Structures are given as structure tokens and as C-alpha cells.
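**Student:** Numbering (this note's numbering), first residue to last: 1 to 259.
I'd like to ask some things about the structure below.
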DNA sequence: ATGACAATCAGAGATTGA
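Structural data, given as C-alpha cells:
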């Protein structure tokens, strides 16, 4: 059994102590990171190699940035999402995990898209359309892929305390939800929902407004699996306790197990 | 409608995030 974590760390350097804690408590084989907020040059390679991981990064100064850490040999497949040569933002890496039965994973940091009356929103929708086109190819080729990360999408009522409040927000705007549902309807599975149907199971709590204390969170970090991947996944859980640590990320780790 | 809070880069305060 192989355990894969996804985590928006909101700065890899600030969150290094929590990464050590993740290794010691959850003991993942692979970790998909988002919002590393680091160039490749400044990425803490030595610390993480000492923890026993190979590292593939797609960095950027100040913002965005994704990485994949793996104890299992891996091979880079892509470090950008096809469809827009002018997109410079570091939000995507796909690798092949060379397990006994190999499979692909992609770490994704889907654009937030707010405010919706700015160019940020069409950028989000375009990015989602590109993800849809990419996922369709993967499904058509019958590939085993899990797309994991910070989707900045609240899929359904039950994934926020009051979904009505989010209707005009890029995270649950009808235009965002439409493409998200089209992606799902290609045949991808929201892995967490296979193993947990409870409402109000969150992966993110805003730093302000006492969101954590009031448990006013959002479920916006997801794993979407192609059919042949879905068949192999045996569990998926959120590690909520990381939000209660000192100087936490606003997101917590989520993991799945694959056989 | 605003700002609450954290992080980056830079060395103050603007920008970004969700």
C-alpha cells in the first residue's frame, strides 16, 4: 500500500517543522505540495533530501509554486498544464510514480479567481478548461492518474458552513462549478467522498475572523482520480490536527492510499 | 463594504491569498 499526501503549505520554508511532523506521524511515501512560495533556487532541498525524499519542483518567486516529494523513484511527465504558452504561473507538475504497479499523480494549484470582476476570474476558468482537456486525454488513453491539490473549488453544499454565501465568489460561482462538474462528469471521482459522506469536513480555515475556532472552514483540497486509479484507492482522510499547530498553514494535509 | 491574518520582498507598505 502506498500513501500519498497533498498539502498546501503556504510557504515551504516556514512549514518545514510541520513537514517533519507529517513524516513522523503520517509517514507518507509521496507528498504533493502547493504554494511553496519559493524559487527552485531557494527551495530547501537539503533538509527534505535528509528526510529521505526525491524532489521535483516547479518554483516561482513569492507566489504559487508546487513540488512533489517521493521516497519511491519518480519520473517527470510535465511541469506545466498544456494549452497556454503564455501562462507563467507555477501551478502544475505531473510525475510517474514507479511503484511495483506504476501510476501517475499531478499536483495542482488551481487559481483562486477572486475578485470575479477582474481578469483573475477568466484566468481561473481558462485554467479549469485546460485541466478538463488534459484530464479527458488521460481518460481516453485509459491512464491511471490522480490529480490532487488545492482546487479552490467548494464542490457542494456540505463543503462550506453556508454555501449560499459563496454563490458570487470564484470558489463556488456557477461558472466555476459548471466546469468542475464537467471535469467530474468526464469520469473522474472525488476520492474523499468515496470514503466519507459526512458534511462539514474541511481542509481549509481562513486565518482571520476566528474561522478555526468556530470551525468555519471549506473543503477545497481534493483528489480526482481516473477510473483505473479509482479502482485501486483504498482510503482517503483529512489530517485536521495540523491546523491547530503553532504557526500553521491555513490548509491541512489530505491523503489517499493506493494498492 | 471593509478588514480580520499570514506570507513575500524588502527593508515600508503593497500585493496576494480565499
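By construction, the Cβ of each residue, glycine as well, lies at the ideal position given by its N, Cα and C atoms.
All values reported here derive from a predicted model rather than from experimental measurement.
(1) Does the beta-carbon distance from residue 263 to residue 258 come in below 8 Å?
(2) Residue range of the beta strand (DSSP E) that residue 8 falls in?
(3) Out of curiosity, what's the CA-to-CA distance linking residue 236 and residue 121?
(4) Can you give me the start and stop residues for the beta strand (DSSP E) that residue 78 sits inside?
(5) Using the rule of at least 16 other Cβ atoms within 10 Å of the residue's Cβ for burial, across every protein chain shown, is residue 204 buried or exposed?
(6) By alpha-carbon positions, which one of 114, 81, 215, 188 ends up nearest to residue 168?
(7) Can you list, in chain order, the stretches of the alpha helix (DSSP H) that have 4 or more residues and sit fully within the segment 18 to 56?
(8) Which residue comes first and which comes last in the beta strand (DSSP E) that contains residue 159?
(9) Is residue 218 buried or exposed, if buried means 16 or more other CB atoms sit within 10 Å of its CB?
(10) Going by C-alpha distance, which of 171, 135, 1 is nearest residue 184?
(11) Return helix, strand or coil for residue 200, following the three-state DSSP convention.
(12) For the beta strand (DSSP E) containing residue 255, list its first residue and its last residue.
(13) Ends of the beta strand (DSSP E) at residue 140?
**Tutor:** Here's the rundown:
(1) Beyond the ends of the chain as shown, which are 1 and 259, falls residue 263; an answer cannot be given.
(2) Looking up residue 8 in the first chain gives position 8. Element bounds for residue 8: 2 to 8.
(3) The sequence position of residue 236 within the first chain is 236, counting from 1. The sequence position of residue 121 within the first chain is 121, counting from 1. Using only the alpha carbons, I get a separation of about 30 Å.
(4) For the purposes of this step, residue 78 is identified with residue 78 of the first chain, where counting begins at 1. Note, residue 78: beta strand (DSSP E), 74 to 78.
(5) Translated into the one-based positions of the first chain, residue 204 becomes position 204. By the 10 Å Cβ count, residue 204 comes out buried.
(6) To locate residue 168, count along the first chain from 1; it is residue 168. Comparing Cα positions, the closest option is 114.
(7) 45 to 50
(8) As a first step, residue 159 is located in the first chain; it is residue number 159 there, counting from the start. Segment: none, residue 159 is in no beta strand (DSSP E) and carries neither H nor E.
(9) Taking the first chain and counting its residues from 1, the one referred to as residue 218 is at position 218. Per the 10 Å Cβ criterion, buried.
(10) Taking the first chain and counting its residues from 1, one reaches residue 184 at position 184. When each option's Cα is compared against that of residue 184, the closest is 135.
(11) Walking along the first chain from the start, residue 200 turns up at place 200. Looking at residue 200 - three-state DSSP - the assignment turns out to be coil, as it is neither helix nor strand.
(12) Along the first chain, one-based indexing puts residue 255 at 255. Note, residue 255: beta strand (DSSP E), 254 to 258.
(13) Along the first chain, read from residue 1 onward, the residue named residue 140 stands at position 140. Not the beta strand (DSSP E): residue 140 falls in the alpha helix (DSSP H), residues 120 to 140.
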